[in-house]
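Taking it in order: structure first as structure tokens, then the write-up.
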Amino acid sequence: MTGTYLHWRSDLPPYLLGATDGERIWMRSDLSQVERRCVLAHELAHLEHGHSTCQPGPVEDAVDRYAARYLLPDPRVIADALVWAGMRFDEAADVLWVTERLLRVRLDPSHLHPAELAIIRERVAAADFTA
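Following UniProt numbering, the numbering of the sequence shown begins with 1 at its first residue and continues without gaps.
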């Protein structure tokens, strides 16, 4: 990934937040800071996997999971954010500096390691939401 250039663009189509050709990354210039983090992690995951064009849906999903795991590696931190936010995903995502969509990708039970799922369930179950 050495020599990767990032270009901010105001003329990308509304449906396209970012793209790569394997050497360069283009991102919309009107993204929020949180969106920038998530889109950049997604595009860097494409580069890490050697992609140079848009990929089929299942590959894009795998890249999303890679980006989510990169930005949210510790299930304890995720669980603590969920507890703090009263299980509101939008609030937890805000605290974690990711989009709600990326948080949901990270928490998809079909892609969590059983130990990660156990940590999250244990911390959430121990929380007192009545206070």
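Note that beta-carbon positions come from the ideal geometry of N, C-alpha and C, so glycine has one too. It should be emphasised that the depicted structure is a prediction, and the values quoted were computed from it without experimental measurement.
Three-state secondary structure assigned by DSSP to residue i
| i | result |
| --- | --- |
| residue 7 | strand |
| residue 50 | coil |
| residue 88 | coil |
| residue 19 | strand |
| residue 14 | coil |
| residue 40 | helix |
| residue 110 | helix |
| residue 31 | coil |
Assumed close pair residue i, residue j - CB separation to whole angstroms, cut-off 8 Å
| i | j | result |
| --- | --- | --- |
| residue 52 | residue 86 | Actually they do not touch by this definition, with Cβ atoms about 43 Å apart. |
| residue 96 | residue 72 | 6 Å |
| residue 12 | residue 26 | 7 Å |
Residue i - containing alpha helix (DSSP H), residue span
| i | result |
| --- | --- |
| residue 57 | 57 to 71 |
| residue 84 | 75 to 84 |
| residue 103 | 100 to 106 |
| residue 127 | Premise fails: residue 127 is in no alpha helix (DSSP H) and is neither H nor E. |
Any non-hydrogen atom of the ligand MN within 7 Å of residue i CB
| i | result |
| --- | --- |
| residue 111 | Among the ligands in the structure shown, none appear at all, so the ligand MN cannot be discussed. |
Residue i, enclosing beta strand (DSSP E) - first and last residue
| i | result |
| --- | --- |
| residue 26 | 24 to 28 |
Exercise. If we count Cβ pairs, one from each stretch, closer than 8 Å, do we get three or more for the stretch 116 to 127 versus the stretch 67 to 80?
Worked result: yes
Problem set entry | Contact the stretch 94 to 104 vs the stretch 57 to 73: 3+ CB pairs below 8 Å | yes
For this session: Decide yes or no for the touch test of the stretch 27 to 37 against the stretch 57 to 66: beta carbon pairs closer than 8 Å, at least 3 of them.
Result: no
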